[in-house]
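For the sequence shown, full-length UniProt numbering begins at 1 and goes up steadily by one.
Following: one structure in structure tokens, then a few remarks.
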Amino acid sequence: MHPQIQTSQKMPQMSPYEENYINCRYQDELKIAEIAQKRKNPPNFTQVTSAGWSILNKISENAPRAFRLYSFFAENLDPSCGAVICDQKFLADRFGVGIRTIQRWISDLEDLNALIKIPVGQTYAYALDPLQVWKGYNTSKDYAAFNARTLTDKNGEINRRLRIMMSERGFTAPV
């Protein structure tokens, strides 16, 4: 059998200066990691694809009065579904215009296939195409209003409009 050698190594005591230095380095590393994480996942992030830039240019040329409204929707999208639920009165107050003006702007955006207006009770959800503008990350795109089944009333108008919008972009919408 081999005899065990007992060694008692004492850890050298750190001076207060060394302890402070190590603590500061540790805090710096934590801060750097936090900053890197925020850069990787910024809290208020909206993606605009090539198709998104095309629709923005199209809106600025054909419906410049509706440009601010589209930007507002893009900025306030729900990352989980790609839509915003807003009362038209709220939008009118927000932009300092009348409800009829908001309705014209929304109509202009619908005519350009920039958004779909979906009735939700007494108000509307405004869905943007996730192939153009997306709030969040590509990992949650499968849950977008445009990529999910849509439950509608018997007339199926919303489902029909979603299919048309997606087919115009070369995609097949679920039945």
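Glycine is no exception: its CB is placed at the ideal position from the N, C-alpha and C atoms.
Computed from a prediction, not measured in an experiment: that's the story for all the values here.
Per the coordinates, the alpha-carbon of Tyr126 lies some 39 Å from the alpha-carbon of Lys31. A Cβ-Cβ distance of about 15 Å is found for the pair Ile102 and Gln122, leaving them out of contact under the 8 Å criterion.
Rounded to whole angstroms, the Cβ separation of Val84 and Asp93 is 15 Å, and the two are not in contact under 8 Å. Looking at the DSSP output, Tyr126 shares a beta bridge with Val84, Lys117. Excluding sequence positions up to five before and after Trp105, its CB lies within less than 7 Å of the CB of Arg65, Ala66, Leu69, all in the same chain and listed in chain order. CA-CA distance, Gly98 to Asp108, rounds to 16 Å.
As for any beta strand (DSSP E) of minimum length 3 sitting wholly inside the segment 43 to 81, the runs are 46 to 48, ordered along the chain.
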